[in-house]
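Before any comments, here is the structure.
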Amino acid sequence: MQLPDYKEARKRNKEVVEKEYYSIDDSIINIGLNKKYYVKTYGCQMNEHDTENIKAMLEQLNFTEALDQEDADVVILNTCSIRENAHNKAFGMLGRLKHLKEEKNKDLIIGVCGCMAQEEKVVEEIMKKYKYVNFVFGTHNLHHLPYILNEALKTKKQVIEVFSKEGNITEDIPVKRANRYKAFVNIMYGCDKFCTYCIVPYTRGKQRSRDKDDIIKEVNKLVKDGYQEVTLLGQNVNAYGKDFNNDYNMENLLEDVAKTGIPRVRFMTSHPWDFTDGMIEVIKKYPNIMPSIHLPVQSGSSKVLKLMGRRYTKEDYIKLFDKIKTIPNVTVSTDIIVGFPSEEEEDFEETLELVNYCKFDNAYTFIFSPRKGTPAEKLEDKSTLKEKEDRLHRLNEIVNKYFLESNQKMLGKVVDVLVDGPSEKEGLLCGYTDTNKLINFEGDSSLIGKIVKVEVTDAKTWSLDGKAK
Ligand code: SAH
Ligand code: SF4
Ligand code: F3S
């Protein structure tokens, strides 16, 4: 048994990160024969991509994918710790799985992984109150899943293996991609920014950049397999390469990925701190780097930003924003937290001012959620829940107004759309524009997986309507 340890997770050392290669022993290759698995994902794109790895590892063990938990022999919850409601959702699901196990399928095997598995308190709780959970593994030992599962199946005991110290980078973990045309590629793991509200540096460990040759090899394979889009993933992608002993950085990587010829390159998430002028030039130079930047601001008050540990002021953000806006046709989206402990009404009003200046094309807005073990958890809270809810509501009204305005500017234009498949609206197709706007449109199903021209005929707050040209 190996349990999570926050003291260990907080450490950052200068040890060199080694590269390992994934492999599994032939002796366990058949443990999934005639068995089905179901994985539920709660977190960000990185978490979704981990699920793609988990599914492929299970299929190597000869499991097949079940339709839902009722139909499965093994259920794995790939969890997220970012806010309290992500926690509650996963624990709620564990409650439902308990009933399923007691009433319908006593042999059901239940596993928990992802960011919650890296939290000391969560694992303690699982050991005490959720004894029916068969195994727990963390984000640093995802590639051990075949062995952990094998042990859980054989011993029938609760198996817990969570490493708090990030290990090496493991290459060649198999992947079952959720989409045939769009792919996620990790370029770095972990985060060293330690924003005071955020749990990610504890659950994902220190920043480790992947070798550029491994990244380019993966993208080249995607090109060969007919993929149209790659999203380069990391918590803080602009800091790519800062942990190397050479000068190769995000600017160089973006350029090399663009040169593979993949039709669309996206990257996320960008921290304003490491966004360089050179990156802006590379984005301008390569038409296959999409003009859509996610640039979380978090707050418009320099006082709050300082307490958040974001390392930039409101003015720094606006300066960078203005530079990014020189990229032709670019859209900028953001993340905003309201009700941070020290936020007062004047601070919140500064956030509204910033939003009124930037007129974001999209924004994800959240109420601050205290996370155990982070510095912000201990700050004195200056607003009540009601005030926080009221701020979120006021903020949403304004950001929504700008989403609609941004969409209305597209009316009558002809845009490039990568067609995902049938829309939720019957008889229509859907896809995303180069600027990352969702569009539903009339067109033939033969267009799926292609980049096509679509004329925008209507604009709503959350999506566009159109017609294939
Ligand atoms: N690495 C990314 C963000 C990852 S988390 C970045 O730095 O931009 C995604 C978003 O969740 C964050 O941008 C932030 O807005 C929000 N978030 C993170 N921790 C939070 C917390 N404790 N409470 C509320 N929102 C939080
Ligand atoms: Fe969290 Fe900040 Fe790292 Fe983003 S940059 S993952 S918000 S600590
Ligand atoms: Fe959640 Fe972990 Fe991602 S906390 S947002 S799944 S890195």
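Residue numbering for the sequence shown follows the working numbering, beginning at 1 and increasing consecutively.
Note that CB positions come from ideal geometry on N, CA and C, so glycine has one too.
V200 Cβ short of 7 Å to the ligand SF4 heavy atom set: yes
Out of curiosity, what's the CA-to-CA distance linking K306 and Y6? 24 Å
Backbone CA spacing between S423 and E455 [nearest angstrom]: 16 Å
From this set, T79, D68, K36, which residue's C-alpha is nearest L58's C-alpha? K36
Pairwise C-alpha distance: K128 and V399: 43 Å
I want to know whether the stretch 128-139 touches the stretch 8-18 - three or more CB-CB distances under 8 Å. no
Looking at the ligand ZN, does it come within less than 7 Å of C195, judged from the CB to the closest heavy atom? Looking for the ligand ZN in the displayed structure turns up nothing; the ligands present are the ligand SAH, the ligand SF4 and the ligand F3S.
Closest by C-alpha distance to N141, when choosing among K121, Y189, I109: Y189
Buried versus exposed call for T326 [16 or more other C-beta atoms within 10 Å across all chains shown]: exposed
Alpha helix (DSSP H) segment containing C430, residue limits: Not the alpha helix (DSSP H): C430 falls in the beta strand (DSSP E), residues 429-433.
Backbone CA spacing between L447 and K467 [nearest angstrom]: 12 Å
Check: C115 C-beta below 7 Å from any heavy atom of the ligand SF4: no
Sorry if obvious, but does the Cβ on C191 come closer than 7 Å to a heavy atom of the ligand SF4? yes
Cutoff 8 Å: F194 Cβ touching any chain B Cβ: The question asks about chain B, but that chain is absent: this structure has only one protein chain.
Could you tell me whether any non-hydrogen atom of the ligand SF4 is closer than 7 Å to the CB of Q235? yes
For P272, which of I280, V265, R266 has the nearest alpha-carbon? I280
Under 8 Å between the Cβ atoms of S299 and M308? yes
Identify whether R177 lies in helix, strand or coil by the three-state DSSP scheme. coil
Run through DSSP, which three-state label would F184 get? strand
Counting along the chain, where does the alpha helix (DSSP H) carrying V257 start and finish? 250-259
Does the Cβ of H271 lie closer than 7 Å to at least one heavy atom of the ligand SAH? yes
For M46, is the beta carbon positioned less than 7 Å from some heavy atom of the ligand F3S? yes
I need the DSSP call for E65, collapsed to helix, strand or coil. strand
Who are the Cβ neighbours of Q235 in its own chain at under 6 Å, not counting the five residues just before and after it? C191, V200
Y402 (DSSP reduced to helix, strand or coil): helix
Going by the C-beta, is T351 closer than 7 Å to any heavy atom of the ligand F3S? no
For K121, which of G373, V74, F403 has the nearest alpha-carbon? G373
Neighbourhood of T433 by C-beta distance below 7 Å, restricted to the same chain and skipping five residues each side: V415, D416, V417, I439
Answer yes or no: do F267 and V237 have a C-beta to C-beta separation smaller than 8 Å? yes
If you draw a straight line from the C-alpha of K469 to the C-alpha of S463, how long is it? 18 Å
Check the DSSP bridge columns for Y37 and list the partner residues they point to. E65, V74
Runs of alpha helix (DSSP H) lying entirely within the stretch 232-312, each at least 4 residues, in chain order: 250-259, 277-285, 302-308
Close beta carbons around S342, own chain, < 8 Å, minus the five adjacent residues each side: K303, V304, L307, L379, E380, K382
What are the boundary residues of the alpha helix (DSSP H) that includes G421? Element bounds for G421: not the alpha helix (DSSP H) but the beta strand (DSSP E), 414-422.
Determine the direct distance from the alpha carbon of T351 to that of I337, and round the result to whole angstroms. 10 Å
DSSP three-state label for R371, please. coil
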